[in-house]
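A.B. asks: Below is the structure I would like to discuss, written out as structure tokens.
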Amino acid sequence: MQYTQSTQDKSYLSVAESIAATIINLQNQDADGGIRGGPAVEWYSTEQNLDAYAFFNMLAQVTQKAAYAQAAQKTINWLVNNTYDRPDLPVKRGKGDSTIATDTYAWSIAAIGPVNYLLWVWIRIKF
């Protein structure tokens, strides 16, 4: 998607949409809209859900397809509910995993955007 956005060459868009279909299938298997580590595993990582969020947003911008914007929204909802769910606890490494993963801070800001990230942090602290 970075290549497509940078060059406007849509040669690989069908590959990206095929990947998105696989990820959305995994997402639809979770009642909370999270994306597991793969079809045969049960763990969920913050980092890969951030990857999916950024990917879906880029794909939605390029294709203008609502399905990708919806998948991004489900992913951000999962992240807020499972990894950014307490103001007194740093960003979790994944669902049900209270281990701190410092790289998720930088990637959170890059994937979500600094304004949105700070807004969510502020809301969590205030409420």
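Using this note's numbering, read the sequence shown as starting at 368 and increasing by one per residue.
Cβ atoms here follow ideal geometry from the backbone N, Cα and C, with glycine treated the same way.
(1) Given L426, which residues of its chain have a CB within under 8 Å of its CB, disregarding the five upstream and five downstream residues?
(2) Could you pull the start and end residues of the alpha helix (DSSP H) that K441 belongs to?
(3) Tell me the rounded alpha-carbon separation between R403 and L380.
(4) What's the gap between the Cα of S373 and the Cα of T430?
(5) Which same chain residues, not among the five before or five after Y370, have their C-beta less than 8 Å away from its C-beta?
(6) Taking G463 as the reference, give the member of W410, A477, Q396 and Q394 with the closest Cα.
(7) Measure the alpha-carbon distance for I467 versus A477 and round it to whole angstroms.
C.D. replies: To lay it out plainly:
(1) M368, A383, E384, A387, K432 and Y435
(2) A433 to N449
(3) 24 Å
(4) 15 Å
(5) D376 and Y379
(6) W410
(7) 18 Å
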